[in-house]
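Student: When the letters of the sequence shown are read in order and numbered with our numbering, they come out as residues 275 to 503.
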Amino acid sequence: MKRTVLTLATAAMLMSACGGKDVSQQQQTNSNNNMETKEVQGRVNMGARLYVTPQPALMIATYNEEGTPDVMMAAWGGQCESNQVCFKLSKHRTTDNLRRDKAFTLSYADARTIVQSDYFGMVSGNDVPDKVGRAGFTVTPSPNVKAPIINEYPVTMECRVVSMDDVEGGGAFVIGEVVNATADESVMTDGKIDIRKLNPVAWDASSFNYFTLGDSVGKAWNSGNALKN
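#1: Would you report the Cα separation of ASP401 and ASN454, rounded to the nearest angstrom?
#2: Around the C-beta of SER356, are 16 or more other C-beta atoms found within 10 angstroms, so that it is buried, or is it exposed?
#3: In the DSSP assignment, find the unbroken alpha helix (DSSP H) run with LYS362 in it and report its ends.
#4: Less than 8 Å between C-beta atoms, sequence neighbours within five positions excluded: which residues of the same chain meet that for ASN425?
#5: Exposed or buried, which one is MET431 when buried takes at least 16 other CB atoms within 10 Å?
#6: Do PHE447 and PHE378 have their C-beta atoms closer together than 9 Å?
#7: How should ASN304 be labelled, buried or exposed, when 16 other C-beta atoms within 10 angstroms of its C-beta is the threshold for buried?
#8: In terms of residues, what are the limits of the beta strand (DSSP E) holding SER391?
#9: Check for me: the beta strand (DSSP E) holding ASN400 runs from which residue to which?
#10: When you compare the CB positions of ALA538 and VAL326, do they come within less than 9 Å of one another, or not?
#11: Does DSSP classify SER460 as helix, strand or coil?
#12: Can you tell me whether MET346 is buried or exposed? The criterion is at least 16 other CB atoms within 10 Å of its CB, across all chains shown.
#13: So within the stretch 422-477, which uninterrupted beta strand (DSSP E) runs reach at least 3 residues, ignoring any that extend past its ends?
#14: Nearest chain C C-beta to ASP375 closer than 9 Å, yes or no?
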(Lines of atoms letter the chains of each structure in order from A; the text may use other names.)
(Lines give C-alpha, C1' and ligand atoms only; values in the text may rest on other atoms or scores of the structure.)
Protein backbone atom coordinates (compact mmCIF):
# COMPACT_ATOMS: atom_id res chain seq x y z
CA MET A 275 0.00 0.00 0.00
CA LYS A 276 1.49 3.30 -1.09
CA ARG A 277 2.03 5.81 1.65
CA THR A 278 3.03 9.45 1.53
CA VAL A 279 5.16 11.05 4.23
CA LEU A 280 3.40 13.95 5.92
CA THR A 281 4.54 16.67 8.30
CA LEU A 282 5.16 15.91 11.95
CA ALA A 283 2.19 17.99 13.02
CA THR A 284 -0.37 15.63 11.46
CA ALA A 285 -2.16 14.67 14.65
CA ALA A 286 -5.63 16.24 14.69
CA MET A 287 -7.47 14.69 17.61
CA LEU A 288 -10.07 15.70 20.14
CA MET A 289 -9.58 15.86 23.90
CA SER A 290 -11.87 13.47 25.76
CA ALA A 291 -12.98 12.37 29.21
CA CYS A 292 -15.00 9.86 31.22
CA GLY A 293 -18.58 9.64 32.45
CA GLY A 294 -19.97 9.30 35.97
CA LYS A 295 -23.05 8.13 37.84
CA ASP A 296 -26.53 9.50 37.18
CA VAL A 297 -27.56 12.08 39.78
CA SER A 298 -31.17 12.92 40.69
CA GLN A 299 -30.80 14.88 43.93
CA GLN A 300 -31.09 18.66 43.87
CA GLN A 301 -27.86 19.25 45.78
CA GLN A 302 -24.76 17.10 45.44
CA THR A 303 -21.39 17.10 47.10
CA ASN A 304 -18.39 17.11 44.79
CA SER A 305 -16.07 14.42 46.18
CA ASN A 306 -13.01 16.17 44.78
CA ASN A 307 -13.39 19.57 46.41
CA ASN A 308 -16.33 19.17 48.82
CA MET A 309 -18.12 22.03 47.08
CA GLU A 310 -21.88 22.02 47.35
CA THR A 311 -23.56 22.20 43.94
CA LYS A 312 -26.96 23.62 43.13
CA GLU A 313 -29.38 23.03 40.29
CA VAL A 314 -29.20 25.16 37.17
CA GLN A 315 -32.77 26.13 36.44
CA GLY A 316 -34.21 25.23 33.05
CA ARG A 317 -31.75 22.38 32.40
CA VAL A 318 -31.49 18.68 33.22
CA ASN A 319 -28.99 18.53 36.08
CA MET A 320 -26.78 15.42 36.19
CA GLY A 321 -24.36 16.32 38.96
CA ALA A 322 -20.62 15.88 38.72
CA ARG A 323 -20.65 14.12 35.37
CA LEU A 324 -18.01 14.98 32.80
CA TYR A 325 -19.46 14.73 29.30
CA VAL A 326 -17.18 15.53 26.39
CA THR A 327 -18.28 14.39 22.96
CA PRO A 328 -17.43 13.34 20.37
CA GLN A 329 -14.43 11.39 21.60
CA PRO A 330 -11.71 9.97 19.34
CA ALA A 331 -11.41 6.30 18.49
CA LEU A 332 -7.61 6.04 18.62
CA MET A 333 -5.93 2.78 17.69
CA ILE A 334 -2.66 2.29 19.59
CA ALA A 335 -0.38 -0.42 18.23
CA THR A 336 2.61 -1.91 20.04
CA TYR A 337 4.64 -5.10 20.09
CA ASN A 338 4.15 -7.67 22.83
CA GLU A 339 7.18 -9.05 24.65
CA GLU A 340 7.34 -12.04 22.28
CA GLY A 341 7.20 -9.77 19.23
CA THR A 342 3.57 -10.24 18.19
CA PRO A 343 1.66 -7.05 17.25
CA ASP A 344 -1.07 -5.79 19.55
CA VAL A 345 -3.68 -3.06 19.02
CA MET A 346 -6.16 -1.47 21.41
CA MET A 347 -8.74 1.30 21.07
CA ALA A 348 -8.46 4.33 23.36
CA ALA A 349 -10.81 7.29 23.67
CA TRP A 350 -9.21 9.35 26.43
CA GLY A 351 -6.62 11.16 24.34
CA GLY A 352 -5.76 14.17 22.26
CA GLN A 353 -3.14 16.43 20.76
CA CYS A 354 -1.14 18.34 23.38
CA GLU A 355 1.61 20.00 21.28
CA SER A 356 2.26 20.60 17.60
CA ASN A 357 3.95 17.20 17.36
CA GLN A 358 2.84 15.47 20.57
CA VAL A 359 -0.10 13.28 21.50
CA CYS A 360 -1.31 12.30 24.96
CA PHE A 361 -3.68 9.68 26.30
CA LYS A 362 -4.57 7.92 29.52
CA LEU A 363 -4.72 4.14 29.80
CA SER A 364 -5.79 1.82 32.56
CA LYS A 365 -3.74 -1.36 33.03
CA HIS A 366 -3.49 -3.16 29.69
CA ARG A 367 -0.94 -5.23 27.89
CA THR A 368 -0.39 -2.10 25.79
CA THR A 369 0.58 -0.22 28.95
CA ASP A 370 3.27 -2.82 29.67
CA ASN A 371 4.48 -2.69 26.07
CA LEU A 372 4.79 1.10 26.18
CA ARG A 373 6.83 0.97 29.37
CA ARG A 374 9.19 -1.58 27.83
CA ASP A 375 9.68 -0.35 24.26
CA LYS A 376 8.89 3.39 24.63
CA ALA A 377 7.21 3.38 21.22
CA PHE A 378 3.84 3.00 19.51
CA THR A 379 1.93 3.83 16.35
CA LEU A 380 -1.35 5.70 16.44
CA SER A 381 -4.12 5.43 13.85
CA TYR A 382 -7.81 6.29 13.54
CA ALA A 383 -10.67 3.83 13.46
CA ASP A 384 -12.78 4.54 10.39
CA ALA A 385 -16.15 3.44 9.09
CA ARG A 386 -14.61 0.66 7.02
CA THR A 387 -12.76 -0.89 9.95
CA ILE A 388 -15.24 -0.33 12.79
CA VAL A 389 -15.93 -4.04 13.37
CA GLN A 390 -12.23 -4.86 13.73
CA SER A 391 -11.50 -1.69 15.68
CA ASP A 392 -14.27 -2.35 18.19
CA TYR A 393 -13.01 -5.92 18.53
CA PHE A 394 -9.55 -4.59 19.39
CA GLY A 395 -11.15 -2.55 22.15
CA MET A 396 -13.16 -5.50 23.48
CA VAL A 397 -10.50 -8.22 23.54
CA SER A 398 -7.36 -8.07 25.68
CA GLY A 399 -4.02 -9.01 24.21
CA ASN A 400 -3.41 -10.96 27.41
CA ASP A 401 -6.27 -13.30 26.50
CA VAL A 402 -5.94 -13.27 22.70
CA PRO A 403 -2.30 -12.48 21.82
CA ASP A 404 -2.91 -13.02 18.09
CA LYS A 405 -5.99 -10.80 17.87
CA VAL A 406 -4.55 -8.71 15.02
CA GLY A 407 -4.25 -11.80 12.85
CA ARG A 408 -7.65 -13.08 13.94
CA ALA A 409 -9.18 -9.81 12.75
CA GLY A 410 -7.62 -10.41 9.33
CA PHE A 411 -5.31 -7.39 9.59
CA THR A 412 -1.72 -7.24 8.41
CA VAL A 413 1.34 -5.45 9.76
CA THR A 414 4.42 -3.63 8.47
CA PRO A 415 7.20 -2.97 11.00
CA SER A 416 7.77 0.74 11.48
CA PRO A 417 11.23 1.77 10.20
CA ASN A 418 11.39 4.60 12.75
CA VAL A 419 10.16 3.20 16.08
CA LYS A 420 9.80 -0.25 17.61
CA ALA A 421 6.10 -0.63 16.84
CA PRO A 422 3.87 -2.13 14.13
CA ILE A 423 2.08 -0.20 11.40
CA ILE A 424 -1.38 -1.68 10.82
CA ASN A 425 -1.75 -1.64 7.04
CA GLU A 426 -5.54 -1.48 7.05
CA TYR A 427 -5.56 1.90 8.81
CA PRO A 428 -4.92 4.53 6.11
CA VAL A 429 -3.41 7.17 8.43
CA THR A 430 -0.70 6.28 10.94
CA MET A 431 1.65 8.23 13.17
CA GLU A 432 4.87 6.63 14.35
CA CYS A 433 5.58 7.83 17.90
CA ARG A 434 8.16 7.56 20.64
CA VAL A 435 7.17 7.81 24.30
CA VAL A 436 8.28 11.10 25.84
CA SER A 437 6.92 10.41 29.30
CA MET A 438 4.73 7.97 31.23
CA ASP A 439 3.25 8.95 34.57
CA ASP A 440 1.84 6.04 36.56
CA VAL A 441 -1.76 6.29 37.71
CA GLU A 442 -3.65 4.29 40.28
CA GLY A 443 -4.42 0.71 39.32
CA GLY A 444 -1.41 0.12 37.09
CA GLY A 445 -2.37 2.51 34.30
CA ALA A 446 -0.46 5.47 32.92
CA PHE A 447 -0.78 8.92 31.40
CA VAL A 448 1.33 8.84 28.24
CA ILE A 449 2.83 11.63 26.16
CA GLY A 450 4.24 10.63 22.80
CA GLU A 451 6.15 12.53 20.11
CA VAL A 452 5.30 12.00 16.46
CA VAL A 453 8.48 11.22 14.54
CA ASN A 454 6.78 10.44 11.23
CA ALA A 455 3.26 10.38 9.85
CA THR A 456 2.08 8.46 6.80
CA ALA A 457 -1.13 8.23 4.82
CA ASP A 458 -2.43 6.07 2.04
CA GLU A 459 -2.92 8.00 -1.18
CA SER A 460 -6.56 6.89 -1.26
CA VAL A 461 -7.42 9.29 1.59
CA MET A 462 -5.57 12.31 0.24
CA THR A 463 -6.58 15.27 -1.93
CA ASP A 464 -4.03 17.79 -3.22
CA GLY A 465 -1.34 16.45 -0.89
CA LYS A 466 -3.47 16.72 2.26
CA ILE A 467 -5.50 14.23 4.25
CA ASP A 468 -9.11 14.47 3.15
CA ILE A 469 -11.30 13.77 6.18
CA ARG A 470 -14.23 12.90 3.91
CA LYS A 471 -12.18 10.13 2.29
CA LEU A 472 -10.71 8.98 5.61
CA ASN A 473 -14.19 8.89 7.19
CA PRO A 474 -12.97 8.49 10.79
CA VAL A 475 -15.42 7.53 13.50
CA ALA A 476 -16.04 9.24 16.82
CA TRP A 477 -17.33 7.62 19.99
CA ASP A 478 -20.28 9.14 21.87
CA ALA A 479 -19.92 8.66 25.63
CA SER A 480 -23.63 9.16 26.24
CA SER A 481 -25.14 6.60 23.87
CA PHE A 482 -22.11 4.27 23.50
CA ASN A 483 -22.33 4.48 19.73
CA TYR A 484 -19.85 5.25 16.96
CA PHE A 485 -20.65 8.05 14.53
CA THR A 486 -19.09 9.42 11.38
CA LEU A 487 -18.42 13.16 11.29
CA GLY A 488 -20.66 14.29 8.43
CA ASP A 489 -20.28 17.36 6.21
CA SER A 490 -18.35 20.56 6.82
CA VAL A 491 -20.45 23.30 8.44
CA GLY A 492 -17.89 26.11 8.35
CA LYS A 493 -14.36 27.19 7.53
CA ALA A 494 -11.89 27.64 10.41
CA TRP A 495 -10.75 31.24 10.99
CA ASN A 496 -13.19 32.35 8.32
CA SER A 497 -16.82 31.69 9.22
CA GLY A 498 -16.62 34.03 12.21
CA ASN A 499 -15.87 36.95 9.92
CA ALA A 500 -19.63 37.29 9.47
CA LEU A 501 -19.79 38.78 12.97
CA LYS A 502 -16.63 40.87 12.63
CA ASN A 503 -17.64 42.76 9.49
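No residue lacks a Cβ here, since even glycine has one placed at the ideal position from N, Cα and C.
Tutor: So, from the data block:
#1: 31 Å
#2: exposed
#3: Here LYS362 belongs to no alpha helix (DSSP H); instead the beta strand (DSSP E) covers 358-363.
#4: MET275, PHE411, THR412, VAL413, THR414
#5: buried
#6: no
#7: Here the model assigns ASN304 a pLDDT of 42, short of 50, so the residue's position is not dependable and the matter cannot be decided.
#8: Taken as a continuous stretch (DSSP letters only), SER391 belongs to no beta strand (DSSP E), being part of the alpha helix (DSSP H) at 388-396.
#9: It is not in any beta strand (DSSP E) - ASN400 carries neither H nor E in the DSSP assignment.
#10: It is not possible to answer for residue 538, since the shown part of the chain is limited to 275 through 503.
#11: helix
#12: buried
#13: 422-424, 429-441, 445-458
#14: Of the protein chains in this structure there is only one, and it is not chain C.
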